[in-house]
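Heads up, the thing below is written out as C-alpha cells.
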Amino acid sequence: GWVEVTNQVGETILPEDSYTTIIKFVAGANATGTVWADDFMFYGRTGWAGQNWNTQVGVPTGWFYWLPPAGGNDGQLSDGYQRTKITSETAYHGLYSLKFENLDGTHDGFVGTRKYPLKSGAGKQIKKESYDITELADVNPGDVLRVSVWIKAEGLYPDSVAAVGDQWSIAITPIFHDKIGNNAGWGEIWASDIPLVFPHVTNFDWTQYYVDVPVHENAVSFHVRLHPLGRFRGTVWFDQLEIRKINPTDVNDKEMIPVTYNLFQNYPNPFNPSTTISYSIPEQAVVKIKIYDILGTEIKTLINMEQYAGVYNIYWNGDNNYGVKISSGTYIYRIEAGNFVQSKKMILLK
C-alpha cells in the first residue's frame, strides 16, 4: 500500500547560492515490478513547502503550501495540513478539486500560486476568454483584477461567526509584489485576507465568489492564496480559480459577493422555535420570500423589497402574518428574485 518515504530534517542542505532544486524518481536498469509515486512535497526550516497539485484542477502550475512553524521553524505536516489534499470526491469543473478539512486548533494555512508577472502576456496572443493567471496581459497600476473561485462546503458551524468575527475564517488573499524571480526576494507591497461571506447554513453546493482588487503602484507581480485560517471548522472544496482584468465601473460596492442566485437550506432544520434562511443574489433585484403550509396556503411574508447583490440571512421565529405561533409540521419557503424562483422544505418540530 501507500507508504510515506522521507528524509530527515537537516539531511539535505542546499548551497547558499542555490536557486533550483531537481528531485528525480528513478527506476534502476534492473528494477522489476511496478511502483507508483505521488504527492511530492518539499518543506524546510523557513516553513515553506511546495506541491504541483493544480495540473489536475485546471489551474496553472507553481502552487505551494504554507506549513505552520513548530520548534525550530520546521514545517510539520501532521499539524492539521495532512487534511489538505486534492480529491476526486467532488468537483465543479473537471474531475478534481482542492479540499480543506477541519483546521480548527491548528494554524493559518493556505494553498497559493507562485508570483506571476502582471505583464507576462503583453505582446503575445492570449486565448479568448482565458482567465489563467499565467496569461495576465497589460495589467498596470490602477487597473482592477477580479479573483474568483467556486466553493462547496459541508459541516460548517454558523454560530462560530459570532465568536471569531468573520465567516468561518475562509478568505481569498491577493498579494502584489515589486519583485519577481527566484533570487529577487519576496518584495510584498500589499496583501489582504478578505473573508468570504458564507450563507448561514451548515452545507452549500458549488457557489462562485469573487474579490475585486486594484493593482497597486510599483506592482510588477501578483499571486493569490486560497486561505482557510486556523479557526476554520468544517470542510470546503475549491475549484476553478480565475483571475481577470475588469473595467473599474464593474466593481461592486461589496468586496465579496456571490455570482449566482441561491436559496440555501434553513438552519437549524428541524427547528424549534426559530430558524435562519440564507440566500444569495448576484445583482440588485426585488426579493420576495414567503412561507407556505404543505397545502400551499401562505403563512408568512418574510421579505418583499429591493436589495443589492450579496449574501443575506433572514430570521424567522415561527409566527404567521398575524404574529401567532404556528403548529408543528412541514412548511415550504420560496424565493422570487428577478427571474430566479426556488422553493425548499423545512420542519417545525415542537
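Going by the numbering used here, the first residue of the sequence shown is number 1346, and it counts up by one from there. Glycine included, every Cβ here is placed at the ideal spot set by N, Cα and C.
CB-CB length for residue i against residue j, believed under 8 Å
| i | j | result |
| --- | --- | --- |
| K1645 | N1665 | 5 Å |
| W1495 | Y1437 | 4 Å |
| Y1657 | S1623 | 7 Å |
| F1609 | P1544 | 4 Å |
| L1607 | T1621 | A small fix is needed here, since residue 1607 is Asn in this sequence, not Leu. About 15 Å separates the two Cβ atoms, so there is no contact after all. |
| G1500 | T1547 | 6 Å |
| V1560 | V1484 | 6 Å |
Within 8 Å, strictly: CB atoms of residue i and residue j
| i | j | result |
| --- | --- | --- |
| I1648 | L1490 | no |
| F1577 | I1515 | yes |
| K1464 | H1568 | no |
| K1695 | N1617 | yes |
| V1492 | P1519 | yes |
| Y1653 | Q1629 | yes |
| D1477 | K1590 | no |
| T1642 | P1627 | no |
| I1692 | V1632 | no |
| P1603 | Y1554 | yes |
| F1445 | T1435 | no |
Coarse secondary structure for residue i, derived from DSSP in three states
| i | result |
| --- | --- |
| E1587 | strand |
| I1478 | helix |
| W1582 | strand |
| W1531 | coil |
| P1519 | strand |
| P1414 | With a pLDDT of only 42 at P1414, under 50, the local geometry of the prediction cannot be trusted, and the value read off the model is given with reservation. Reduced to three states, the DSSP call for P1414 is coil. |
| D1664 | strand |
| V1542 | coil |
| A1394 | For A1394, the pLDDT reaches just 45, beneath the cut-off of 50, and the residue's location in the model is therefore unreliable, although a value from the coordinates is still provided. Here A1394 sits in strand by DSSP. |
| D1419 | Bear in mind that the predicted position of D1419 carries a pLDDT of just 42, short of 50, making it unreliable; the figure below should be weighed with that in mind. Coil. |
| A1536 | strand |
| V1604 | coil |
| K1369 | coil |
| A1498 | strand |
| N1658 | strand |
| Y1437 | coil |
| V1489 | strand |
| K1524 | coil |
| L1462 | Correcting the residue identity first, residue 1462 is Pro in this sequence and not Leu. DSSP places P1462 in strand when its eight states are reduced to three. |
| F1616 | strand |
| G1403 | Confidence at G1403 is low in this model, with a pLDDT of 44, below 50, so its placement is unreliable and the value that follows should be read with caution. Coil at G1403, not helix or strand. |
| K1599 | Low per-residue confidence applies at K1599: pLDDT is 46, beneath 50, and the placement is therefore not dependable enough to give any value. |
Residue from the options with nearest C-alpha to residue i
| i | options | result |
| --- | --- | --- |
| P1573 | I1367, Y1437, S1673, N1447 | N1447 |
| G1581 | L1359, P1618, T1432 | Looking at the sequence provided, one finds Val at residue 1581 rather than Gly. Per the Cα distances, T1432. |
| W1531 | Y1555, V1542, A1564, V1560 | A1564 |
| P1538 | V1350, R1570, T1379 | Reading the sequence as shown, one finds Asp at residue 1538 and not Pro. Checked all of V1350, R1570, T1379; the closest Cα to D1538 is R1570. |
| I1368 | T1357, T1377, N1375, G1378 | T1357 |
| S1673 | R1679, G1439, N1662 | N1662 |
| F1455 | D1557, T1642, F1583 | F1583 |
| I1677 | D1638, G1373, V1669, N1684 | D1638 |
| D1383 | E1480, Q1585, K1633, V1350 | V1350 |
| E1562 | F1521, N1592, G1579, G1526 | F1521 |
| P1613 | Q1353, K1690, V1484 | K1690 |
| G1457 | E1651, A1536, V1371 | A1536 |
| V1348 | G1355, A1372, V1380 | V1380 |
| S1566 | F1370, F1549, P1486 | P1486 |
| Y1502 | F1549, A1682, V1371 | F1549 |
| M1650 | A1482, A1682, S1619 | A1682 |
| I1671 | F1685, G1655, S1619, G1378 | S1619 |
Bounding residues of the beta strand (DSSP E) (the contiguous stretch that carries residue i)
| i | result |
| --- | --- |
| N1649 | 1643-1652 |
| Q1553 | 1549-1559 |
| I1692 | 1685-1693 |
| K1633 | 1630-1638 |
| G1674 | 1674-1682 |
| S1623 | 1620-1626 |
| H1572 | 1566-1573 |
| T1432 | 1429-1432 |
| L1443 | 1442-1446 |
| V1456 | 1456-1458 |
Beta carbon proximity, residue i to chain D, threshold 8 Å
| i | result |
| --- | --- |
| V1556 | The structure shown has no chain D; it contains just one protein chain. |
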